[in-house]
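Presented below is the structure to which this report refers.
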Amino acid sequence: MSNAELLTTAQMAHFAARGFLKLDSCVPDALNRQFLDDIGHVADDEIGSALEHYGRIMSRSAIPVVGAGTPLAEAYPHDSALAKILALPAVAGAIESLVGADCVLDHHFLHVTFPPRLLEKPAPAQHTHQDSTIDPRRSFDIQIMYFPQAVTADMGGTRFIPGTHHRIVSEAAVARYQNIKGQQHVVCPPGSLLIMHHGIWHGGGANRSDNLRYMFKIRLAPTRPQVRLWNVSDLDTRTPQRPIFWVGQRPAEDDLHSILTFREDWHEADTGRLEHLNTARLWRYLTGDDKTDVDYWLTRVENEQAGA
Amino acid sequence: MSQRQQVLILYLESSALDSRVIAWASYDGSGRQEHMAGDESEAPYRTGLNALRDGWRLFQASQLLPHAGGDEFRTDYLKYEFFFEKLVNIDE
Chain Z
4 MSNAELLTTA
14 QMAHFAARGF
24 LKLDSCVPDA
34 LNRQFLDDIG
44 HVADDEIGSA
54 LEHYGRIMSR
64 SAIPVVGAGT
74 PLAEAYPHDS
84 ALAKILALPA
94 VAGAIESLVG
104 ADCVLDHHFL
114 HVTFPPRLLE
124 KPAPAQHTHQ
134 DSTIDPRRSF
144 DIQIMYFPQA
154 VTADMGGTRF
164 IPGTHHRIVS
174 EAAVARYQNI
184 KGQQHVVCPP
194 GSLLIMHHGI
204 WHGGGANRSD
214 NLRYMFKIRL
224 APTRPQVRLW
234 NVSDLDTRTP
244 QRPIFWVGQR
254 PAEDDLHSIL
264 TFREDWHEAD
274 TGRLEHLNTA
284 RLWRYLTGDD
294 KTDVDYWLTR
304 VENEQAGA
Chain F
308 MSQRQQVLIL
318 YLESSALDSR
328 VIAWASYDGS
338 GRQEHMAGDE
348 SEAPYRTGLN
358 ALRDGWRLFQ
368 ASQLLPHAGG
378 DEFRTDYLKY
388 EFFFEKLVNI
398 DE
């Protein structure tokens, strides 16, 4: 029997609206150390240059080369740090809730961001982008970003913009946007995970510290509809509609509609409303209920009485 | 003495130039400042109008385009993009 700790309805709603989940310090120190050993990490003062260190990692790393589309359950040796991390109850539960326990590996990659002392010229931050290519699907992949070491603000942890996952754009076409209100930079203790919808805009930060920064990314794809895969015991099957606009008192932040209509600081006045519609459509897919709605956004525009 | 262009791109909350800045980018042809992704948490101006009042010259604004039938609810790129410039003198 699986020991996976499935996500709650509130966590799933947060993911549907904002496109990410953070699991700080969910990987124990011993596993972080095993992962660093597995990739061939050496003490920072033993690293002479970025090129030399990448060469060492590529030649010695125990990270397997895995074919795209391989079932996740077959991707990593059972005694590897990665297999153990993915089997942690909180991690396995998030994966099962979002893409199903029978998901497949799209790809993985070890990102190493070197400090200026190991580079001829300090590297700038990576442009903001959406991974892969134009992807208009309703179903979604997830990207797990694993930080085995502490990430401090000057280490340039991954920058991401919550709520951008509904936007259908073409990879680096959004590179022009240097700063967006509400952008977040990963700063975290060792053993933290950031799990993102594949559509979230993001980019690596500039490392201004003296230390290397590692981030291991795993992209996972579902093989079944992502319908009610989380712990749905607290899901009200047809989320009752609540009063809107004239509400009497400030709505509770933990109300499901409040979570699903979270307003990002970068939302435009008009398209911010479209983001709510798109969240509601994603929620319909996740709940398997094509009549459920979020604050009446879909019901209003679907009320077609002309028979057209 | 010659001139170089500094470019400021502001993304606003609506098509009104006096609406709130939600995203921004700066490119400095004089080489005096280096900007990159994620380097600022606060916008240089609260609105586009505030940039005008500080001497930035608007030279391009995004158009308002009709929404394609069947695609009305799709979101993609930031919609209200305004390009500003300043010309600055440099010593050569």
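Just so you know, the protein sequences line up as chains Z and F, in that order. Using my numbering, you'd call the opening residue of the first sequence number 4 and step up by one each time. Using my numbering, you'd call the opening residue of the second sequence number 308 and step up by one each time. Ideal Cβ placement from N, Cα and C applies to all residues, glycine included.
Counting only runs that start and end inside the region 225 to 294 of chain Z, there is no beta strand (DSSP E) element of at least 3 residues.
For residue 220(Z), there are no C-beta contacts with chain F under 8 angstroms, since the nearest C-beta of that chain is about 18 angstroms from it. Nearest Cα to residue 200(Z) within the set 84(Z), 74(Z), 223(Z), 212(Z): 223(Z). Taking 9 angstroms as the threshold, the shortest C-beta distance from residue 366(F) to chain Z does not fall below it. Along the region 104 to 137 of chain Z, going in chain order, the ones with a CB nearer than 9 angstroms to a CB of chain F are 127, 128, 129, 130, 131. Counting only Cβ-Cβ distances below 8 angstroms, residue 184(Z) has contacts in chain F at 328, 329, 330, 350, in chain order. Scanning its chain for C-beta atoms nearer than 7 angstroms, with the 5 sequence neighbours on each side dropped, one finds around residue 19(Z) the residues 263, 282, 285, 286, 289, in chain order. Taking the Cα positions, residue 347(F) is about 15 angstroms away from residue 158(Z).
Residues of the region 174 to 200 of chain Z whose Cβ lies closer than 8 angstroms to any Cβ of chain F, in chain order: 176, 177, 178, 179, 180, 181, 182, 183, 184, 186, 188. Scanning 364(F), 378(F), 389(F) for the CA closest to the CA of residue 395(F) turns up 364(F). Straight-line measurement puts the Cα of residue 136(Z) at about 34 angstroms from the Cα of residue 213(Z). Neighbours of residue 380(F) in chain Z, taken as residues at a C-beta separation under 7 angstroms, are given in chain order as 277, 280, 281.
For residue 272(Z), the residues of chain F that pass the 8 angstroms Cβ criterion are 320, 321, 326, in the order they occur in the chain. In the DSSP assignment, residue 89(Z) falls within the unbroken alpha helix (DSSP H) covering 84 to 89. Judged by their CB atoms, residue 128(Z) and residue 330(F) are not nearer to each other than the 9 angstroms cut-off. Residue state for residue 300(Z) is assigned as helix, using DSSP reduced to three classes.
For residue 171(Z), the neighbours in chain F by C-beta distance under 9 angstroms run, in chain order, 381, 382, 383. Taking a Cβ-Cβ threshold of 9 angstroms, none of the residues of chain F is close to residue 20(Z); the smallest such distance is about 14 angstroms.
Here the C-alpha atom of residue 338(F) lies approximately 57 angstroms from the C-alpha atom of residue 6(Z). With a 10 Å radius around the Cβ and a threshold of 16 neighbouring Cβ atoms, residue 124(Z) comes out exposed. Counting C-beta atoms within 10 angstroms of its own C-beta, residue 378(F) has fewer than 16 neighbours from the protein chains shown and is therefore classed as exposed. Remark: fewer than three beta-carbon pairs, one from each stretch, lie closer than 8 angstroms, so the region 43 to 52 of chain Z and the region 186 to 198 of chain Z are not flagged as touching. At a beta-carbon threshold of 7 angstroms, the residues of chain F lying near residue 208(Z) are 345, ordered along the chain.
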